[in-house]
Structures are given as structure tokens and as C-alpha cells.
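If you read the protein sequences in the order shown, they are chains A and B.
Numbered per our numbering, the first sequence spans residues 83 to 508.
Numbered per our numbering, the second sequence spans residues 83 to 508.
Beta carbons are placed, not taken as given, at the ideal position from N, Cα and C, and that holds for glycine.
These notes concern the structure reproduced below.
Protein chains: 2
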Amino acid sequence: MSAGFPLSTIGTRIGGGGTSIELLMHDLGEALGSGRDTILMLGGGNPAAIPEVIEVWRRRMQELLDDEGATFSRMLGDYDPPRGSPAFLEAMAGLLRREFGWEVTPDNLAVTAGGQTAFFLLFNLLAGDMPDGSRRKVLLPMAPEYIGYCDLGLTMPLFEAKRPRIEHTGPHRFKYRVDFDSLDIGPDVALVCASRPTNPTGNVMTDDEVRRLAKRCREAGVPLVLDNAYGTPFPQIIFREATPYWDDNTILTLSLSKLGLPGTRTAVVVAPPEIARSIQAMTSITGLANNNVGQAIITPLLESGEIIRLSREVIQPFYKKKAAHALKVAAATLPDNIDYHLHESEGALFLWLWLRGLPISSREFYERLKARGVLVLPGEFFFYGVGEEDWPHSRECLRISFSMDRETVERGFEIIADEAAKAFGR
Amino acid sequence: MSAGFPLSTIGTRIGGGGTSIELLMHDLGEALGSGRDTILMLGGGNPAAIPEVIEVWRRRMQELLDDEGATFSRMLGDYDPPRGSPAFLEAMAGLLRREFGWEVTPDNLAVTAGGQTAFFLLFNLLAGDMPDGSRRKVLLPMAPEYIGYCDLGLTMPLFEAKRPRIEHTGPHRFKYRVDFDSLDIGPDVALVCASRPTNPTGNVMTDDEVRRLAKRCREAGVPLVLDNAYGTPFPQIIFREATPYWDDNTILTLSLSKLGLPGTRTAVVVAPPEIARSIQAMTSITGLANNNVGQAIITPLLESGEIIRLSREVIQPFYKKKAAHALKVAAATLPDNIDYHLHESEGALFLWLWLRGLPISSREFYERLKARGVLVLPGEFFFYGVGEEDWPHSRECLRISFSMDRETVERGFEIIADEAAKAFGR
């Protein structure tokens, strides 16, 4: 790839191009670049521009500008400590104590430049090549999982992913469940990781599943990592009752992105103090410090609890309505004579459509949709780590975003339904 | 370190704690935390809060807020492409073409989350363990070099640093020069790297030195990496004539930090297209995208050229005056009967003081100053990679920041002079 310059082993892995997420980002970028109007974009993970939420950011920025003190100039002009802004960390710890009763102090926290960076640091801190010559991996208790994890291993592919049990919950409806019988946390496992709500499926692991996972992790002496990008206390893009979970063997990540601030690249790791300290060390080496803007915007909202109100009264209902509408549209458009199943929509920004018996791969189906101006994500990219054994299910699914306007979802599903009928020869 | 969780080899290197930069950051942080008034902070690299510059950021943020379109909400609410904001990249390429006549397009550029991250990505892309089993290192043509590079190697220590020639340029004054005779770019070298102006010395490599380095790099088939954090076209914290350099075998990094925006963590890599593409790929994997705020603030200033005016008419004169004052204070306070030498102050935010024959190490001297409430940086941390052979010079230097107010510099130098006299037994 490079101008005659050989790439290192790590450079070849993460700078050589050709990873699946890059491929998709490229497709999404090209599609967007070709003119927003002609493309029905059901592929991205960008949060919606919710006017009431944007108004809060505008108000906060104006407050920062109008502040008599040096808040605004310090936000832009000072290096924060690598762990994060002390005021932000204090406010975040306070919120988690108040809301959930967790024994959390700033020593348990470390800010990172977004959730992706949090996982890059966490996975490479604990998994991969070990000093004793062994190799340790990341166990995903339930494939499919978030595509962004897939390429994070600096020296080796990191993942072993388990097949879930598939529970048929109603007509054309299903839910993945952790198959605890197959869940063996061996000595080659560094950590167990799951997103809750799950990107791409919209699944929310039950409280019971989380408790059992946490117990199994503790017994095996490995941390449980929960990706809470869509969860509570913010942004609460979660449509069923679910108790947030954290303990002293658990690492939880929170993010400002789905709240509506992805452009600030701000996430927080909640972890045992030693892990938080390691993340802080890695931040200082890989970037000196974090950017301050997201933290400065949010801090008073953490202190006042406004962030809870915003999540509960604005963001959650907004996406819940979107999800309900998308489900309705799917039911109205997808032909009854194909064997389709939608995952229960319990959170996040996506419907997960399983076209059982699809005669072509989801990648090919994705290409056909793209040719007709509809962008989704092919499900097979989310099944990394499941092993070589053939599993048709892994090629029969699509991730379909519903965070855009109603018309886009409606027109998109019409074409998806039409192509599905064609693919099945109906 | 971790709560019973073993760290990976990489985790041990960059998340295990105890690196020299962490040690110093900790000291600086603790000192600041103990109350700004009692500490004379001559240790940090934070840019000064220049009122005229802050006014520009305030104006720009207000413009973003007042914009009728969605500029403000997109800045916070949208993921940028991993290479950076298209408008920013176009404006940056245009500025470099206009100012320097370089054949640069957005294909040559990639935004990173600050200069530190740029070097983290660049060094690990090209140096370290290679796919063929060999190992390649980063050659620093002149120690001392920036302390932030020191721990960037993910799998091995990366650096071989060459001793410079020391040229005595006047009474108590010297300048480092590249010793081209000892500069052997062997097959185990992945790239050659230098900061210009240099952190910590304030040295600016001459045009002739840069041209010769570039020629030697091209002949050896390795890129020359120039860290331009303090250079032209912005922030122009450079006090002598020096022609900016870039060619198709050179990688140049620019940063918004010393312009006064370190809190936005924004830098730009200017490189051959294949390298820029690799940086973009690494950004997408390690962080999905960059934060947008610095880019949004700066883009119109790149387009209008205001960033050049600001750098040339405000920022450069501000620091040039600070440098001149610090030199004057140093001459007035340091006793003539000790063998001290100051590096020519040609750029950046620091004086580099060489106490020739210092009977104690610079680390010990640093501790004595700290005990008296003066924080500087001990020079020996900047001489990593010079090898095992004893070199007293590497323990005889201090980095002293001059970006703070005049009184702090004056009171600080009084104590430095007093401790120097004591150390030498004068």
C-alpha cells in the first residue's frame, strides 16, 4: 500500500486497508457523497438530529461563551489530565452513585476519545499476545456483535464468538439468548464482552443473562465488559425494562455519541481502579489527553440530572416511536410468503432482519439493494469469530437503521421487500 | 497493576504505568493541584492564553452558533469521515499550495486526534516488528528529542538517537547541529524523525540540514518525518528564518495545539497518499472518526488566510518577546562563575539550559527545584535512544518553559540560579 515503505506487522493489520468496517465506511461515504437525496440511507449509525436535543447543546455552548470566567478558553486552550476533566469525572461518578447506588469515584473512571477508542484500548490492554508467550482472546457470548470490535486486535484476531440460542417469540419475531451450555470461559480468554443494547440486533440481554454472565466471569477470573453505548442512564435508547449492571469485576463503557454528540468523540470507561488507571496511562501515551468539548458541554447536565430527563423524556421516546414505526412498516411491506423474522426491537437504532433460507448471501443482497439506492449493512460482517463451521443463519441477516425520517424508512422497506421477494423467487 | 487481570504484552508496555512521561505528568498535575499560586510552573507545554487569540475562537464559535444552517449541529452531531472533515481538508490543502507551492490535495492529508496520536500511528505503522520477522526502528538524527515520542512503540523500544555536534555560538550560548558523519541510515531504520522547531531545545534545524537529511532519507528509501507543531504556516512559534520543507518522501505533521487549541486534540498529517490513507485506516479502526470541533473552528481561517495573519502578527511576536525576556532574565540571574550554556532560542516555548559539569544529575536538580516550588523538566528524559555509553551532557540539561507571565519566569530563574550555585558549590 505505502509509497515503497514497508508496513510493520501492526501497520499491516490496522493501516493496510481492506478491513470490513473500512469497506462499509467507504460504501457509506461514497453513497452519501453521491448526493443525499438519491440514496435511502438505512446503513449508518449516526444518531438523529433531534431539535430539542440540539437546542440543549446550543444553550450549553452559549453558556460557555457567556461565562465570565475562563471556562470557554480553558475548554479549548488547556490540556486536560489524561484521565479526563476532574469536574466531569466528579459529576459522572456522582450521577452513577445517585442513579444506581454504585460505589464509584473518579478513580473508577477514565475518559476516552469515544467508545471505539475505549474498546481499542481495553481489548489490547488485556487480550492478544501475553508476556508469558501465550495468547488470550475476547469471548463474545453472543454473535452477532458490533462490527467495530472486529479489527481491533493489534497483533492477532481477537475474537471467539458463541452462537446464541434463537427463541421464536411470535409470528415473524425472534430473540437471541445466551447459550450458557456452550459458554466455556477457558484459560485463553482475557475478557468477555457484549453490547447491551446490542448493535446490530437491538437485543437487550435480560437481567438474568447479565447476572449469570457476571457470575461466570467472576468465577473464571476475567472481567465482563459491557458496552452501554445505547443504554442507561444516557442515552436510554432502550425500550424494555432492564437493570443496569456494574460490579467490581465489570467494565462498563458509556458514550456521549448516541446522546447526539458523536462529533465530540467522548466516552467513559467505568472500571476497577487499576483498569481505569491503565486506560489513563494508555491515553497519555497514545494521545496526551482527551478533547475537552463534550465533557464541558455535559458536565452541568450530569450535575443537575438534566441528562436523565433529556434521555428519558426526549431521546428514548423519539427512538421508541421510530422503532415502532419501522416494525409496522416492515410488517406491512415484507411479503408473508417468505420466511422472515425480525429480532425483538428492545433498543439501539436498528432492526435486525433475518431472511431464513435466503438463497443468496446477505452481502450479495446488500449489493442488490445498493444498486437500487438503498443502503443497509450485510449481516455477515457481524458474525466474526464464530469459527469455520458453516452456519447459514450468519449469511441471512441485515441491519437496517431506523433513525432517519419516516419516508426514508418506508421507501427503503418497499425496496427491501421487493428484493427479498425476488431473491426468494416469489 | 490490574485487579488480578494479567495485562497483555502491549498492555504492559503502554498501560502498565511508570513511563517517564507519566511520571512527569503526575508531578505536574500534583503540583498544579496543590494550588497554582505557590508553584512556579516552568515545566508544562501548555500554550499561553493570548487574549487576542481567544477572541478569535470566541468569535468563531459565536459564528457557528449563529449560522442559519446546520453547521453547529453537524459539528457536534455527525460522524466525520475518518480522514477528517472534507471542507477542512480542502481548505488545508489550499493553504499549503498557496503558501508554499506544494502539490498537496486532500489525498495527502489525514486528521488525527492531536500530534501525539499522529506519531503513535505513524511510528507503529512503519516501525517495530515487521512481517518478515525483522525489527525496524525510528532514527532520531539529533538527541535530545521530544519526550512524548519515547514510549510510543507498541511492541518494542523504537528509538536510536544520534548525538548532535555542539557548536558554541557565543558567550554562554550554543546550538546543536546534525552530525552527518555519524548518521548511518541502515536497513533496520524505518524512518527518520525530528521536531523543527525542536521540543525541548528551541533549536531550528537549518535549511541546509533539512535538505541534507531529506536527501539521505530518499537515498536510504525511508521517509523523513518532520514534527512541525511549532512551525509554519501556523503557529509560527519560530524566531529565525527557516524554509518549511515537504516533498513526496517527507511526512509533515501540523497541529492546532500551540495555536491555542490543545483542548480540541487536532493535528494533520501531510504525507504521500498511501501513508495518508493508512493513517485514515488506523483512525477508523482505533476511533471511527476524529472530533470535529477544532476543524470547524479553523476551516474559514484557513480559507481566508487569517490563520497566517494571526500566527505572524499575534502568536509569533508574543512568544518571541517571551523568549527574549527569558534569555535576559537567565543572563541576569545565572552566576557567571558557573559553566552554563543556553541553547539558541530559535523557536518553541522553552529555554534549554546546559549546566556543564553539574555535579548532580538533572533529575536530582529537578527534585531540588521542585522542593523549592519551581517546576521544570529534567533534561535526561529527552535523551532516550542514545545508547548505554556514558554521556555526561545528557544529565546536565533542563527544559524551562517561558510561556507564562514575566514574574513567574523571573522568580523561577532566581531560584534556578540559586540552586545551580549551590550545586556547583559556588
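Let me check one thing: in DSSP terms, what residues is Met123/B bridge-paired to? Leu457/B
Listed by chain order, chain A residues near Tyr228/B by CB distance under 9 Å: Within 9 Å Cβ-Cβ: nothing; Tyr228/B doesn't reach chain A, min ~11 Å.
Ends of the alpha helix (DSSP H) at Gly376/A? 375-386
Quick one: Cα of Tyr258/B to Cα of Phe463/B, how far? 17 Å
Give, in chain order, every residue of the segment 186-209 of chain B whose Cβ lies closer than 7 Å to some Cβ of chain A. Ala195, Gly196, Gln198, Thr199, Phe202, Asn206, Leu207, Leu208, Ala209
Counting only Cβ-Cβ distances shorter than 9 Å, please list the residues of the segment 377-394 of chain B near chain A, keeping chain order. Ala378, Ile379
Could you round the C-beta distance between Arg278/A and Asp261/A to whole angstroms and report it? I think they count as a contact, below 8 Å. That belief does not hold up - the Cβ atoms of Arg278/A and Asp261/A are roughly 17 Å apart, past 8 Å.
By how many angstroms is the C-alpha of Phe87/A removed from the C-alpha of Val271/B? 11 Å
Spatial neighbours of Phe495/B in its chain, beta-carbon cut-off 7 Å, leaving aside the 5 residues before and after: Val411, Ala412, Thr415
First and last residue of the uninterrupted alpha helix (DSSP H) at Ala276/A: From DSSP, Ala276/A is part of no alpha helix (DSSP H) but of the beta strand (DSSP E) over 271-277.
Backbone CA spacing between Leu221/A and Leu273/A [nearest angstrom]: 6 Å
With a cut-off of 8 Å, does the C-beta of Tyr161/B fall near any C-beta of chain A? yes
Near-chain B residues of the segment 408-441 of chain A (beta-carbon distance less than 9 Å), N- to C-terminal order: none
Report yes or no: is there a C-beta of chain B within less than 8 Å of the C-beta of Asn373/A? yes
Let's see if you can read the secondary structure: which residues bound the beta strand (DSSP E) around Thr194/B? 191-194
Count the other CB atoms within 10 Å of the CB of Ser476/B; is the residue buried (16 or more) or exposed (fewer)? buried
Count Cβ pairs between the segment 465-472 of chain B and the segment 483-502 of chain B that sit closer than 8 Å; are there 3 or more? no
Check distances from the C-beta atoms of the segment 85-105 of chain B to those of chain A and list, in chain order, the residues that come in under 8 Å. Ala85, Gly86, Phe87, Pro88, Leu89, Ser90, Thr91, Ile92, Gly93, Thr94, Ile96, Gly97, Gly98, Gly99, Thr101, Ile103, Glu104
Buried versus exposed call for Thr251/B [16 or more other C-beta atoms within 10 Å across all chains shown]: exposed
Applying the 10 Å Cβ sphere with the 16-neighbour rule, what's the burial state of Ser216/A? exposed
Starting from the beta carbon of Arg342/A, find every residue of chain B whose beta carbon is closer than 9 Å, and list them in chain order. In the sequence as presented, Arg is not what sits at residue 342/A; that position holds Gly. Those within 9 Å of Gly342/A in chain B are Ser155, Leu158, Gly159.
Under three-state DSSP, which class holds Tyr258/A? strand
Rounded C-alpha distance that separates Pro133/B from Gly376/B: 18 Å
Range of the contiguous alpha helix (DSSP H) that encloses Thr365/B: 355-369
Residues that Phe432/B bridges to, as DSSP identifies them: Ser483/B
How would you call Pro253/B, buried or exposed, if buried means at least 16 neighbouring beta carbons within 10 angstroms? exposed
Is there a Cβ of chain B sitting closer than 8 Å to that of Ile267/A, yes or no? no
Which bits of chain B does Pro223/A rub up against, with CB to CB less than 8 Å? Those do not exist, as Pro223/A stays about 18 Å from chain B at its closest Cβ, beyond 8 Å.
May I ask you to report which of helix, strand or coil DSSP gives Ala338/B? The question names Ala, yet the displayed sequence has Leu at residue 338/B. Note: Leu338/B maps to coil in three-state DSSP.
Rounded straight-line distance, which links the Cα of Gly230/A to that of Glu104/A: 10 Å
Close beta carbons around Tyr401/B, own chain, < 6 Å, minus the five adjacent residues each side: Ile319
Check Thr332/B in the structure and name its three-state DSSP category. strand
Cβ of Tyr422/B within 8 Å of Cβ of Trp436/B? yes
Can you name, in chain order, every residue of its own chain whose Cβ lies under 7 Å from the Cβ of Val135/A, other than the five neighbours on each side? Gly342, Leu392, Val396, Ile397
So, at 6 Å on beta carbons, what are the nonlocal neighbours of Ala200/B in its own chain, with the 5 sequence-adjacent residues on each side left out? Thr194, Thr335, Ala349, Val351
Check the Cβ of Gly369/A against every Cβ in chain B and list those closer than 8 Å, keeping chain order. Ala195, Gly196, Gln198, Thr199, Phe202, Arg347
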